[in-house]
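Residue numbers (my numbering): 168 to 378. Backbone N, C-alpha and C fix where the C-beta goes; we use that ideal spot for every residue, glycine too. Input: a single structure, listed below in structure tokens.
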DNA sequence: ATCCCGAGGG
DNA sequence: CCCTCTGGAT
């Protein structure tokens with residue numbers, strides 16, 4: 168299932184992916200991709216964000232929501248990248264997380280999709296599905312990440328993240344999950360009166376299309 | 001726990 | 001009109 172699941176943000180470099188991912192918070196990828204062509208042309212390098220006019224930057228990213236906070240983060244991001252990393256995007260989790268507007272989820276997206284480092288991207292979708300599948304009961308994203316790390320080998324992490332997110336977006340919605348159209352329903356502990364035990368969760372790992 | 005914030009769907 | 005959308009910082 169979802170053999171070609173991939174990052175749906177448009178980007179051609181680690182910096183572009185990092186910026187796009189920051190903008191994608193509480194916002195659809197479609198709206199991010201609508202503003203990034205102009206944004207990337209206007210600010211090709213980290214130094215360009217560092218020197219950006221605040222009002223102009225805010226106007227460019229306005230449709231993505233939270234535009235004041237995001238603009239401030241992007242300017243701070245450019246400044247930090249220039250001051251501490253020679254204008255380049257670092258490829259280590261601890262460095263990425265130290266940047267303005269970059270949390271663990273965003274850092275893992277960049278690691279997995281721009282640096283080829285296995286990363287489990289626990290966003291709102293991944294966390295919700297992991298709990299519905301019985302893979303964990305934790306709500307803390309870091310605990311979810313560790314639980315999934317024990318269930319799947321590192322080489323599966325990045326693709327698994329994309330598949331979980333695709334499935335969450337298209338079928339296993341937060342409010343009204345489309346269980347009737349879900350290929351995983353027969354294995355899902357949360358479907359109908361189905362089993363809610365741990366064995367059912369393990370079957371989803373072994374036999375489910377996510378394995 | 002709360003705020004940031006616009007856009008589209010039910 | 002209410003809800004949600006690939007979060008992060010305070």
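Own chain partners of residue 284 with C-beta closer than 8 Å, once the 5 adjacent residues on each side are dropped | 258 and 278
Which residue spans inside the segment 205 to 233 form an unbroken alpha helix (DSSP H) run of at least 4?
-> 213 to 217 and 221 to 228
Which listed residue (335, 182, 222 and 338) has its alpha carbon closest to that of residue 255 | 182
Residues near residue 281 by beta carbon distance below 6 Å, same chain, minus five either side = 181 and 184
In the DSSP assignment, find the alpha helix (DSSP H) that holds residue 317 and state where it starts and stops.
-> 308 to 318
Can you name, in chain order, every residue of its own chain whose Cβ lies under 7 Å from the Cβ of residue 214, other than the five neighbours on each side?
-> 245, 249 and 254
CA-to-CA distance, residue 351 to residue 186, given in whole angstroms = 34 Å
Where do the N-terminal and C-terminal ends of the alpha helix (DSSP H) with residue 187 fall, by residue?
-> 181 to 190
According to the neighbour-count rule (16 or more other Cβ atoms, all chains shown, within 10 Å of its Cβ), is residue 211 buried or exposed?
-> exposed
Which whole-angstrom value is the C-beta distance of residue 339 and residue 299, which I expect to be below 8 Å?
-> 7 Å
Count the other CB atoms, across all protein chains shown, that sit within 10 Å of the CB of residue 240; report buried if there are 16 or more and exposed otherwise.
-> buried
Where does residue 285 sit, in a helix, a strand or coil, going by DSSP?
-> coil
Contact check, residue 312 vs residue 342, beta carbons under 9 Å = no
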